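Numbering (our numbering), first residue to last: 941 to 1165.
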Ligand code: GAR
């Protein structure tokens, strides 16, 4: 994956809720800072605001009901096969999980190996899973943040592409911290996708090398100062 692309990168976004990260991707594309197009948005929640956002921008928005698969021993895999069918129908090249609150199975992970990204509101590997901001406050960390990573089988475990850190303040609640982190999510997710579109991401084991990345060891941040 390197060199200039002739056509915009085809993105498929999976989202379960509000869709502010989806919106950040849409905005970056419309602003010309992300050379990609969203070809489909899929949700497991019929009323997800993400589906609304997609429709508003003329992007096909698909609700796939997980209920018919529920109760079967391979319910997750069956559901993921249905998702995969949609992604393939739209010729999706890179899948973005954007507040997608379902565990993805190898059915999707293997089909999109190193071609599926997730955003998580912590500095992974700290605080994977649910309520990452609350976990950060409970641990008393001084820096929190967010991570964009490739998706592998372990939850929130794949090779890390970009992280951004924010300070944790004494008066923070999970909500105020989440907002501060979200602002950074909206910066780094489109950036990670653009790096992919430019063919600058190389996965080596559990590390991602970014070609031509600025290197400046003096840019350390500390909190408290
Ligand atoms: C974001 O904070 C995202 O990092 C988090 O859900 C929120 C979705 O917001 N994802 C996870 O916790 C995944 N483990 P959004 O729907 O407004 O993009």
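Built from N, CA and C at the ideal position, the CB exists for glycine as well.
The structure presented is a predicted model; accordingly, all values stated were derived computationally and were not measured.
Whether residue i touches residue j by CB criterion (8 Å)
i: residue 977; j: residue 1013; result: no
i: residue 1112; j: residue 1068; result: no
i: residue 1108; j: residue 1077; result: yes
i: residue 1023; j: residue 981; result: no
i: residue 1121; j: residue 1086; result: yes
i: residue 1128; j: residue 1091; result: no
i: residue 984; j: residue 956; result: yes
Proximity winner among the options, relative to residue i (alpha-carbon distances)
i: residue 969; options: 1161, 1141, 1126; result: 1126
i: residue 958; options: 1039, 1102, 1119; result: 1039
i: residue 966; options: 984, 946, 998, 1073; result: 998
i: residue 973; options: 1137, 1064, 1098; result: 1137
i: residue 1041; options: 1025, 1064, 1033, 1071; result: 1071
i: residue 1002; options: 1011, 1133, 1009, 987; result: 987
i: residue 960; options: 1155, 1139, 1130, 1145; result: 1130
i: residue 950; options: 1062, 1162, 1033; result: 1033
C-alpha gap between residue i and residue j, whole angstroms
i: residue 1006; j: residue 1018; result: 9 Å
i: residue 1051; j: residue 1149; result: 22 Å
i: residue 1079; j: residue 1031; result: 43 Å
i: residue 1102; j: residue 1164; result: 23 Å
i: residue 1159; j: residue 1117; result: 23 Å
i: residue 1020; j: residue 1045; result: 7 Å
i: residue 1143; j: residue 1105; result: 22 Å
i: residue 971; j: residue 1153; result: 23 Å
i: residue 1088; j: residue 1123; result: 14 Å
i: residue 1099; j: residue 1135; result: 15 Å
i: residue 1110; j: residue 975; result: 40 Å
i: residue 1155; j: residue 964; result: 26 Å
i: residue 1064; j: residue 996; result: 33 Å
i: residue 1025; j: residue 1004; result: 11 Å
Contact set for residue i: own chain, Cβ-Cβ below 7 Å, skip 5 residues either direction
i: residue 1035; result: 952, 954, 1027, 1052, 1055, 1056
i: residue 1147; result: 1099
Contacts around residue i, its chain only, beta-carbon distance under 6 Å, and the 5 residues preceding and following it disregarded
i: residue 1066; result: none
i: residue 1037; result: 954, 1058
i: residue 1009; result: 1015, 1018, 1019
Beta-carbon proximity list for residue i, same chain, < 8 Å, skipping 5 on both sides
i: residue 946; result: none
i: residue 1000; result: 979, 980, 981, 994, 1030
Proximity test, Cβ basis, 8 Å: residue i and chain B
i: residue 995; result: In the structure shown, chain B does not exist; there is a single protein chain.
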